[in-house]
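> Next up is a structure, given as structure tokens.
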Amino acid sequence: MLEYLNLGHNQILDGFPSWLSELTNLKVIILKSNNFHGPIKPPQSQFNFSNLHVMDLSDNSFNGELPSKLLQSFHAMKVVAAQDQLEYLNTSANIPWSLYSLEGYFDYAMKLMNKGIEREYPKVPYALMVIDLSKNKFEGCIPNVIGDLTSLLLLNVLNNILTGSIVVSLAYLTSLESLDLSRNKPSGKIPQQLAQLTFLSSFNVSHNQLLGPIPQGSQFNTFAIDSFAMNGGHTEVLCQKNAPQLGITYHSHHLARKKSAKSLHLTWIGHLC
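Counting with UniProt numbering, you get residues 55 to 327 for the letters of the sequence shown.
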């Protein structure tokens, strides 16, 4: 039975192949960098990707809302892996061979975007759970059911048209190591509950419309200021360190031309960054 399907980097012009859910042993689906388009609709029955570990639909033209029914069918992603396995995405180069012996691996190779870098996996560890929907035209809110995928390690929705608030249910993804929500249109605050994600080592919400305080504590104290830049409808660098408030911004050359008390006040805030 087919477990691994890689159709990436072709010129396939079609809608989402819902019939793939009939291949119930599929572990990896890679459709990236094609001309797939349109909304993702379930087949006449329901989606059945119960064994899926990796879905990469990046760099296509899918649109419509993120499909809740598709996410709900990822049953393998709802089983939490042991904590000593949650190191796969933290590696800066190749994955240490010792990690493959923890719970085994699938005997096929693939490349994935991780923390903005394409990395090659010579073999796919059982504990590697990935959803990459980046560079499409998905819109609306991230569905709350995403919080059910508690073994998910990487979630990438970079460069879509997502709106609404960042859902609190993301805080249930206790295994998550990399989360990229950048270049969308969500508004409101970053939920403080995301500070509970103690494995999170890569986080990006830049180029959005977020306002309010940046969560404090845990991993959020380690993220670079670039992770929060270009928010609140501004194009300036956002303060993170001593004044952790999205929307409190400054523009140095612009402030230099202003002499008002308001300008001096903003300049003072800027120096806190």
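Ideal Cβ positions, reconstructed from N, Cα and C, are used throughout, including at glycine.
Pull up the distance between the alpha-carbon of residue 328 and that of leucine 207, whole angstroms please.
Since the first residue shown for the chain is 55 and the last is 327, residue 328 is missing from the structure and cannot be characterised.
> Please name the residue in Pro240, Tyr180, Val184 and Gly170 whose C-alpha comes closest to that of leucine 194.
The question names leucine, yet the displayed sequence has glycine at residue 194. Looking at the Cα atoms, Pro240 is the closest of the given residues.
> Just the Cα atoms here: how many angstroms apart are leucine 125 and valine 199?
Spanning the two alpha carbons is a distance of roughly 7 angstroms.
> Which residues does DSSP list as the beta-bridge partners of aspartate 186?
DSSP lists Asp110 and Asn210 as partners of aspartate 186.
> On a CA-only basis, which of Ile215, Ser219, Pro176 and Ser127 is nearest isoleucine 185? Give me that one, please.
Ranking Ile215, Ser219, Pro176 and Ser127 by Cα distance to isoleucine 185 puts Ser127 first.
> Given this structure, state the Cα-to-Cα distance separating methionine 284 from serine 260, to the nearest angstrom.
Between methionine 284 and serine 260, the C-alpha separation is close to 6 angstroms.
> Curious, which full-length beta strand (DSSP E) runs of at least 3 residues does the stretch 204-283 contain?
Correct list: 208-210, 232-234 and 256-258.
> Can you give the beta carbon distance from lysine 191 to asparagine 117, rounded, assuming they're within the 8 angstroms contact cut?
That pair is a contact at about 4 angstroms.
> For the beta strand (DSSP E) containing leucine 124, list its first residue and its last residue.
Run containing leucine 124: none in the beta strand (DSSP E); it sits in the alpha helix (DSSP H), 122-126.
> Please report the straight-line C-alpha distance between asparagine 88 and phenylalanine 70, rounded to a whole angstrom.
Each residue's alpha carbon lies about 11 angstroms from the other.
> Whole-angstrom Cβ separation of proline 197 and leucine 120, contact assumed at under 8 angstroms?
Sure, about 6 angstroms apart at Cβ, within 8 angstroms.
> Whole-angstrom Cβ separation of residue 36 and leucine 233, contact assumed at under 8 angstroms?
Because the chain in this structure spans residues 55 to 327, residue 36 falls outside the shown range and cannot be described.
> Using CA atoms only, rank isn't needed, just tell me which of Gln100, Ser115 and Leu85 is closest to glycine 92.
Considering only alpha carbons, the answer is Ser115.
> How many angstroms separate the CA atom of leucine 216 from the CA atom of asparagine 79?
Distance between the alpha carbons of leucine 216 and asparagine 79: 31 angstroms.
> For leucine 61, which of helix, strand or coil comes out of DSSP?
Residue state, collapsed to three classes: coil.
> Hey, out of Ile279, Ile220, Thr276 and Leu224, whose CA is closest to leucine 264's CA?
Answer by Cα proximity: Ile220.
> Taking the beta carbon of lysine 86 as the centre, do at least 16 other beta carbons fall within 10 Å, making it buried, or is it exposed?
Lysine 86 comes out buried.
> How close, in whole Å, do the beta carbons of alanine 225 and glutamine 250 come, if the pair is a contact with beta carbons under 8 angstroms?
About 5 angstroms; that satisfies the 8 angstroms criterion.
> Report the partner residues of phenylalanine 192 according to the DSSP bridge assignment.
Looking at the DSSP assignment, phenylalanine 192 forms a beta bridge with Gly118.
> Report the three-state DSSP secondary structure of aspartate 202 (helix, strand or coil).
If DSSP states are grouped into helix, strand and coil, aspartate 202 belongs with the helices.
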